Each structure stands twice: as C-alpha cells, then as structure tokens.
Amino acid sequence: MIKLSREVGGQRMALWDQVGYSTNPYTVNPLAPNAEGSELIVGRDKELRRLMTQLRSTDTHPTIEGDNGSGKTSLVAVAAYRAEREYIEKKEDQLLIPISDIIQMTAGVGEFERSAYFAVAKAYLRNVEKLTEWGFVTVDTSELEKWIGAPFIYGGGAGASVAGVGGSVSRTAAANTGQGFTDAGFRQLVKDCLGTTFPTREHGAFVGVIDNIELLRTSADARQALEAVRDTVLSLPGVRWVLCGAKGIVRSVVSSPRLSGRIGRPIDLKPVPDEEVPELVRRRLARYSTRPDPDAPVDPDGFAHLYKISNANLRNSFKHAQDFAVWLDEEDKLSEPPSQKRALLEEWIDVTAAEHSAAAPLQQGQWSLFDKITDAGGTMAPGDFEAFGFNTQQAMRFHLQRLEEANLIDSVIDEEDQRRKTISVTSNGWLVAYHRAKLRA
Ligand SMILES: Nc1ncnc2c1ncn2[C@@H]1O[C@H](COP(=O)(O)OP(=O)(O)O)[C@@H](O)[C@H]1O
Ligand SMILES: [Mg+2]
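Numbering (the working numbering) for the sequence shown: 29 to 469.
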C-alpha cells in the first residue's frame, strides 16, 4: 500500500503539502503548451528556434528523433505556444497555435485518423473566437460542435472545452446516426474549416504532435502507417504535425520515397546537458513551492545525480525522484533534515537496485552482456552481436531475452534495419547498473 497522505492535527495532508509544494514537483508529464511550460523549459533555446523556423518557413511536417524522456513532446508544446505568443505580441505575422491533444500511432489507421481529426476539430473550436477576433475568416462551428458532442465518435471529455467556445453543446446520442452524419462528412467539415481559416502556410496553422512513433516497433510498420495517412492526416490544410520518435525510427521513416516532400529531415534532440539540469529542477521547485522554506525531497544536486544514473533520461529521473519521495513518506523520514536527504537518496537507490537485481535470476554470461551494454552507453543494434562477443545474432538473442524478462533491457528486432539501435537499457536497468558499478569498485 502506498500512503500518499497523513493526518496532521486532524487534517489530511498530501505528501507534497507536507514538504511545502502545491503539487508533485517531479511530475513526469510533458511540459504543456502554456505559460507554465514556457517558464519551465530549460536548455532548449537553439532547438526551439530551429523548430519554429521549420514550422514557419517550410512546407514539410517537422520530425524529431531523440531518446525517450529527452524532451521531444515538451519541445513541440513550448515551441507552438511561444510561436502563438510571438504572433500576439506582433513580433511575427504568421500565426501558429498548439493543438493540446497529443496523438499516437499505436491504434489502427482508422482509429489514428479519427483521433487526429478530433484533436484538430477540438483545437479549432477552442480557438475559433480568438481567430475571428484576430481577423481570420472562420466557419460557423455549430456543425462541428455537434460532431464533437456526439458520443459515438467521441468518448467524452469534450464538454468543458466546447462549452468554453460559446455555450453548452447538446450531446444527443443520435447525433451521428439519425441525421446522416458520416465519418467522411466529419472529415470534410474539419478540412473546410481549416482551409477557410488557413488558406496558405503564410496565414498560419495549428501545430500538433504525432508522438512515440517507435511504439510501432519496426520501420516498415511505421513507414506503412504514415504512408497510409499521407493523403488524409498529413495533407490537412492548416495543420503542421511534428512527428516524434526514438530508437532511430524517425530516421528510418524519413527515407521513404512516398513520404519525401511531406516530412522533414529529423531534428536530432540530444539530452539536456548535465550542467543545465540543476536549474531545470530549481525552476520547478520554485514554481510549486508554497512557503519560504520548502523542503524538497530531492534538491537540484540530488536530481543531477539521478540524471547521471539514469543516463540522461529526464522522465526516468523525475520518476525516481517521485518514487523516492513516496518512500521517504512510507519510512516516516520526510521531515529528516535536508543534510540527511542525500544519504537517504543513496540508500533508496541501493535498496531499489538490489530489489531489481534479486528479481532477475540471471547467469553470469547474461550479467556480463548487461555490463557490456551499459558500458557501451546503454544502446545497441541487433547487428552488433560480434562486438558483444557472440558469433551469431541468434546466440546473443537468448541472453537478450533473459535480460528483457528481467526488465533490464528493452529489445526489438527490426528485420529491415538491423543497424537500428533498438536494444536499450531500461530505467530499472540503469539503477541496477549503477549499483553493480558500486559493488565492482
Ligand atoms: N527542456 C526541458 N526543461 C525542463 N523540463 C523538461 C525539458 N524537457 C523535458 N522536460 C521534462 O522531462 C520529462 C520528459 O519530457 P518529454 O517531453 O515527455 O520527453 P519525450 O517526449 O522525449 O519522451 C517531462 O517531465 C518534461 O516535463
Ligand atoms: Mg513524448
């Protein structure tokens, strides 16, 4: 049982409240396209500029290749938000507006298309008043609102956002059955709205994220899926998608001749540099503190340590920081003095790593392969077997499977591209690697 709150003077206090924060300062959610996200982003000035330039000056959908947890989704959100601000502040003639829903390509093509059109339709409804005010030609949205309110194609949650745009929307169950609505009708409607408001790139566009393309696993799957939506989702007027992926999948997809001219060469997103990381945490802690002397379970230095251990993965570092805070609470050590917190963090790492190791009944050969992978930086391609001391890929495969079952690595074989670095150390794996290195020293 995880205990997230306790009784203080008869009042229940959430963990974060006790230490002086209004909310979890270590949340793993991507930065949002709003003022807060823009305030919290650190170390991405160059990348933000680059992405904004691509969005404004090219006709292709930009792409970002970068490790999981390196900040791709956050980068797109903040770039789109800042681009909108620059338009409002009259620093730019061209309007870009973030689409707040993040969509992924995991479902089938039909499902993906539907979620994409929906995300765009919602963004249109949320912004139509502003657009009209700014002098854009807009479309009467009552039809669109009916669609968004229709439970058949939208599972709920649209109420609040739609209500914000001019009153409540009646959500009749029959909205798209009895009245001759078709999916094609909805798509045409979305397309018409966009084409009217943003007839050319110079007028502007909505900016959305197509996230985690690596979930499709193989480059062939990803390419096929994107080719299948080339003439629908990727051809919508007034929408710029930023395609994000890890493990080399974006680089692979970009090579498809059928997509050339539609998607841009990938921006290679490197991890936020180590020296920027303390500031990144300082901003979050400052943003959420509720009293002058908050007592962060993990301070900026402690976080920088977690960042190193987790091989520069921001999401995993935040997850560790959060797990550690919960552990402190469970151990009744939340109020230990700040000077003790660092030693406690080290204790938590050791305890957690030991648990993960014990849960992995591995043979010596498998441990030694694991050590080699972490020494090599934590990623490898299936085709690298010789460099890791195996005669065949098959021989290595067996050991990789054991490591994968132990949740120390994540492994995919891309038949088409055996050079893709699809084998990578997991979050647990990095904790274990740190622990092993300490034991070996
Ligand atoms: N440049 C940044 N500055 C501050 N926080 C960031 C930055 N980039 C990412 N984050 C945070 O790191 C975590 C992972 O970011 P995310 O954008 O989800 O990564 P990705 O999409 O590459 O997996 C999130 O909690 C996010 O808030
Ligand atoms: Mg992401």
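Virtual Cβ for every residue (Gly too), placed ideally from N, Cα, C. This structure is a prediction, so every number in the text was calculated from the model and none was measured.
If you run the structure through DSSP and keep just helix, strand and coil, what is G223?
The count along the sequence shown starts at 1 and reaches residue 223 at position 195. Here G223 sits in helix by DSSP.
Suppose you measure from the CA of H463 to the CA of S338; what does that come to, to the nearest Å?
Position 435 of the sequence shown, counting from 1, holds the residue named residue 463. Position 310 of the sequence shown, counting from 1, holds the residue named residue 338. If I take the Cα positions, the gap works out to 12 Å.
Roughly how many whole angstroms lie between the Cα atoms of G94 and V270?
What you label residue 94 is simply residue 66 of the sequence shown in a count that begins at 1. What you label residue 270 is simply residue 242 of the sequence shown in a count that begins at 1. Each residue's Cα considered, the two are about 13 Å apart.
Just the Cα atoms here: how many angstroms apart are V440 and D211?
In the sequence shown, counting from the first residue as 1, residue 440 sits at position 412. In the sequence shown, counting from the first residue as 1, residue 211 sits at position 183. The straight-line gap from Cα to Cα measures roughly 35 Å.
I want to check one thing, is the minimum distance from the CB of G97 to the heavy atoms of ligand 1 below 7 Å?
In the sequence shown, the residue the question calls residue 97 occupies position 69. Result yes, Cβ under 7 Å from ligand 1.
Using the beta-carbon of each residue, find all residues closer than 7 Å to any heavy atom of ligand 2 and list them in chain order.
P58, K100, T101, D239, N240, C272
Return the chain-ordered list of same chain residues with a C-beta closer than 7 Å to the C-beta of V165, the five sequence neighbours on each side being excluded.
Locating residue 165 in the sequence shown gives position 137, where the first residue counts as 1. Same-chain partners within the cutoff: T224, T225.
Would you grab the beta carbon distance between L172 and L217 for me? Rounded to a whole angstrom, and I think it's under 8 Å.
In the sequence shown, residue 172 corresponds to position 144, counting from 1. In the sequence shown, residue 217 corresponds to position 189, counting from 1. The Cβ separation is near 6 Å, so the contact holds.
Alpha carbons only, please: which of L356, Q421, D87, R311 is nearest the one belonging to G232?
As a position in the sequence shown, residue 232 is number 204, starting the count at 1. Checking every option, the nearest Cα to that of G232 belongs to D87.
What I want to know is whether the C-beta of T166 ends up closer than 7 Å to one or more non-hydrogen atoms of ligand 1.
What you label residue 166 is simply residue 138 of the sequence shown in a count that begins at 1. No, since every heavy atom of ligand 1 falls outside the 7 Å radius drawn around the Cβ of T166.
Are the stretch 400-408 and the stretch 440-454 in contact at 8 Å, needing three or more beta carbon pairs?
yes
Taking DSSP as the reference, what is the three-state secondary structure of R468?
Here residue 468 corresponds to residue number 440 of the sequence shown, with the count starting at 1. Three-state result, R468: helix.
What would DSSP say about I176, mapped onto helix, strand or coil?
Numbered from its first residue, the sequence shown carries residue 176 at position 148. Helix.
In terms of residue numbering, what span does the beta strand (DSSP E) encompassing I238 cover?
Position 210 of the sequence shown, counted from the first residue, corresponds to residue 238. 232-239 is the span of the beta strand (DSSP E), which, as asked, contains I238.
State the Cα-Cα distance for the pair R312 and L356, rounded to the nearest angstrom.
In the sequence shown, residue 312 corresponds to position 284, counting from 1. In the sequence shown, residue 356 corresponds to position 328, counting from 1. Going by the C-alpha atoms only, they are around 20 Å apart.
So, for G411: in the same chain, excluding its five sequence neighbours on each side, which residues have a beta-carbon less than 8 Å away from its beta-carbon?
In the sequence shown, residue 411 corresponds to position 383, counting from 1. The answer, listed in chain order, is Q421, Q446, R447.
Alpha carbon to alpha carbon, how far is K174 from V47?
Locating residue 174 in the sequence shown gives position 146, where the first residue counts as 1. Locating residue 47 in the sequence shown gives position 19, where the first residue counts as 1. Approximately 46 Å between the Cα atoms of the pair.
Which full runs of the beta strand (DSSP E) of 3+ residues lie inside the stretch 58-127, going along the chain?
91-94, 123-126
Can you grab the Cα-Cα spacing for the pair Q207 / G138, in whole Å?
As a position in the sequence shown, residue 207 is number 179, starting the count at 1. As a position in the sequence shown, residue 138 is number 110, starting the count at 1. Annotation note: pLDDT 41 at Q207 (below 50); position unreliable, coordinate value reported separately. Near 22 Å, if we compare the C-alpha coordinates of G138 and Q207.
Indicate, with yes or no, if ligand 1 has a heavy atom lying under 7 Å from the CB of T225.
As a working mapping, residue 225 is identified with position 197 in the sequence shown. No, the beta carbon of T225 sits no closer than 7 Å to any heavy atom of ligand 1.
Note down the Cα distance separating V267 from T55, rounded to an integer number of angstroms.
On the sequence shown, position 239 is the one that residue 267 refers to. On the sequence shown, position 27 is the one that residue 55 refers to. Cα to Cα, the separation comes out at about 29 Å.
Give me whichever residues DSSP pairs with Y152 in a beta bridge.
What you label residue 152 is simply residue 124 of the sequence shown in a count that begins at 1. BP columns for Y152 are empty, so no partner.
Would you list the one or two residues that DSSP bridges to G273?
Working through the sequence shown from its first residue, we reach residue 273 at position 245. In DSSP, G273 forms a bridge with E93.
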